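Report on the following structure.
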């Protein structure tokens, strides 16, 4: 199956239409249309729905795109697998939204200066979305919260992060006192949380937290969650690294959860279909180093004494 035709299909899926995809690929639109026509002829079924605003994948087109994406990426990475010790080429990194704030400067500054032939593309979102993009082959490396190891991805623990309740201070009467909040208290709070597919919700569920469905707002947007909390609609739960702004703002109250503190695992994950190239190794090493710096600076949760002991 011709690579150019497959790349044409992926470009249309990404850009939502022939015109934008043709511009991104540097092709004339009739040439791109010809590539798709040949691909549809080859597979014997339509791969795109054409409509007034552009085009989108059919179910068959989506299956072909999902299967082709990791193969094309692997082919693009073949030159770097020939024992070249210099990190080069593109690495697509997916991170939780709030982590991109802490990582972007060092990735596009320090890491790029060290390896000028390395091209990083940074993508952020909630953990469940990132996990899906990694599984689909859209990412090379991902940072996830509470990821499960599977055949689709290979993950290792990067750190553990305290999960904290936060709200506007005028809601502090919902939780009298200053000590950590027991998990059982979450069932009586107006909570604003992402959907169950995301790592933060899985961590709460595994710990035994049971939000009341009548009081729960499910929101898959960090910006919207922050806005709702800012307006006093309710409480939310985020890792410590997501709350540097709120921790410094006296208008907010932050509370730990449980004793010992409830923590979520921060994982770094790769697709097992990806060759571990010098470029991937360079990015992985940088991520590990940045987590240590963020922990030392108090932005992230420092490792527990148990984890620092041999075998801990």
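In UniProt numbering, the protein residues as written are 1 to 312.
Ideal Cβ placement from N, Cα and C applies to all residues, glycine included.
Being a predicted model, the structure only gives us computed values, none of them experimental.
In the DSSP output, what is residue 300 paired with across the bridge?
Answer by DSSP bridge pairing: none, since residue 300 is not bridged.
Mind checking whether residue 200 and residue 258 have CB atoms under 7 Å apart?
no
Tell me whether the beta-carbon of residue 291 lies closer than 7 Å to the beta-carbon of residue 104.
no
Do residue 299 and residue 244 have their C-beta atoms within less than 7 Å of each other?
yes
For a quick check, are the C-beta atoms of residue 140 and residue 91 less than 7 Å apart?
The beta carbons of residue 140 and residue 91 sit closer together than 7 Å.
With H, G and I counted as helix, E and B as strand and the rest as coil, what does DSSP make of residue 156?
strand
Mind the definition here: the stretch 125-138 touches the stretch 168-187 only if three or more C-beta pairs lie below 8 Å; say whether that holds.
no
Using DSSP with H/G/I as helix, E/B as strand and the rest coil, what is residue 90?
Annotated three-state conformation of residue 90 is strand, per DSSP.
Quick one: complete beta strand (DSSP E) runs, 3+ long, within the stretch 99-128?
Correct list: 118-125.
How about residue 270 and residue 154: do their beta carbons lie closer than 7 Å?
Contact flag set, yes.
Whose C-alpha, out of 120, 23 and 102, is nearest the C-alpha of residue 108?
Closest by alpha carbon: 120.
Just to confirm, is the Cβ distance from residue 85 to residue 278 under 7 Å?
Yes; because the gap between Cβ atoms is below 7 Å, this pair is in contact.
To the nearest angstrom, how far is it from the Cα of residue 13 to the Cα of residue 296?
A direct Cα-to-Cα measurement between residue 13 and residue 296 gives close to 42 Å.
For residue 217, write down the residues that DSSP places opposite it in a beta bridge.
192
Can you tell me the Cα-Cα spacing of residue 114 and residue 193, whole angstroms?
39 Å
Could you say which of 112, 88 and 122 lies nearest to residue 99 if we only look at CA atoms?
122
Which stretch, first to last residue, makes up the alpha helix (DSSP H) that contains residue 229?
222-230
If you run the structure through DSSP and keep just helix, strand and coil, what is residue 275?
coil
Given a cut-off of 7 Å on the beta-carbon distance, is the pair residue 54 and residue 26 in contact?
no
DSSP state of residue 174, grouped into three classes?
helix
Tell me where the alpha helix (DSSP H) around residue 257 begins and ends.
That residue, residue 257, is in no alpha helix (DSSP H); it is neither H nor E in DSSP.
Between the C-alpha atoms of residue 145 and residue 30, what's the straight-line distance to the nearest angstrom?
44 Å
In angstroms with no decimal places, state the Cα-to-Cα distance between residue 203 and residue 39.
Taking the straight line from one Cα to the other gives about 44 Å.
Which residues bound the beta strand (DSSP E) around residue 313?
Residue 313 is absent from the structure shown; the chain starts at 1 and stops at 312.
Have a look at residue 198 and residue 190 and give me their C-alpha separation to the nearest angstrom.
19 Å
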